[in-house]
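First up is the structure itself, then whatever we jot down about it.
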Amino acid sequence: MKLPENVVKVNKIAFQNVVRQRLSFHYSEMEEHLEQFIKGIVEAGYQLKGPFFYSLNNVPLNEVIEIELFMPISNDLFSLKGYNFSTYFEISNLLKTIIKGDLKTLTEIEYAKLIIALEENELEMVTPFYHVVPKNGLEYLELLVGYSENI
Numbered sequence: 045m046k047l048p049e050n051v052v053k054v055n056k057i058a059f060q061n062v063v064r065q066r067l068s069f070h071y072s073e074m075e076e077h078l079e080q081f082i083k084g085i086v087e088a089g090y091q092l093k094g095p096f097f098y099s100l101n102n103v104p105l106n107e108v109i110e111i112e113l114f115m116p117i118s119n120d121l122f123s124l125k126g127y128n129f130s131t132y133f134e135i136s137n138l139l140k141t142i143i144k145g146d147l148k149t150l151t152e153i154e155y156a157k158l159i160i161a162l163e164e165n166e167l168e169m170v171t172p173f174y175h176v177v178p179k180n181g182l183e184y185l186e187l188l189v190g191y192s193e194n195i
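Laid out in structure tokens, this is it:
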């Protein structure tokens, strides 16, 4: 497989006990919704395990984004109105790049690298883009996309 610089293959990502929430809002409200998502889990008495990640499920042409937020927790059971829960979350066959520095500027460039890698290798994009935030904060961001081989 021919990959651009800083793009690597990943066999899978997997997490246990994942809280999820799908939302649609103007991109400028992102930080507010992320905080509300985490706050709701913590205030209900659940233990965050991390890492926090989210999927971008549309191309935000009108500046409205459709995302799904994810947070692995330490608890085996979860019930909270407005949230969903999966005991296991896994995606196989991914391409990954890491964004360091100015996330707003570099994210679009890294999206393009992943799309080029898919096209050059005749791979089909089968997932939205996943953004994984490391447990230690926003020093970098992992950007992943799932693929399948066109046969």
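Here the numbering used here is used: the first residue of the sequence shown is 45, the next is one more, and so on. Ideal Cβ positions, reconstructed from N, Cα and C, are used throughout, including at glycine. The model shown is predicted, which means the values in this text are computed figures rather than measured ones.
**OP:** Can you tell me which of ILE160, PRO95, LYS148, GLU76 puts its alpha carbon nearest to the alpha carbon of MET45?
**Re:** ILE160
Subject >> Cβ contact (3+ pairs, closer than 8 Å) linking the region 164 to 182 and the region 86 to 97 >> reply: Contact between the region 164 to 182 and the region 86 to 97 is present: 3 or more CB-CB pairs across the two stretches fall below 8 Å.
Original post:
Within the 7 Å Cβ cut-off, does PHE122 reach chain D?
Top reply: Here there is only one protein chain, and chain D is not present.
**OP:** Check the DSSP bridge columns for PHE97 and list the partner residues they point to.
**Re:** Residue pairing by DSSP puts PHE97 in a beta bridge opposite PHE114, VAL176.
Subject >> C-alpha distance - LYS144 paired with ASN194, whole-angstrom precision >> reply: 31 Å
Original post:
How do the region 99 to 107 and the region 128 to 147 stand: do at least 3 beta-carbon pairs fall below 8 Å, yes or no?
Top reply: no
**OP:** Find the nearest neighbour of GLY84 within the set TYR71, LEU100, LEU113, judged by alpha-carbon distance.
**Re:** LEU113
Subject >> Range covered by the alpha helix (DSSP H) that runs through GLY84 >> reply: 74 to 87
Subject >> C-beta atoms of ILE57 and TYR90 nearer than 7 Å >> reply: no
Subject >> Buried versus exposed, by CB contacts within 10 Å (16 or more), GLU186 >> reply: Looking at its Cβ environment, which holds 16 or more other Cβ atoms inside 10 Å, GLU186 is buried.
Original post:
Cα separation between VAL86 and GLU154?
Top reply: 32 Å
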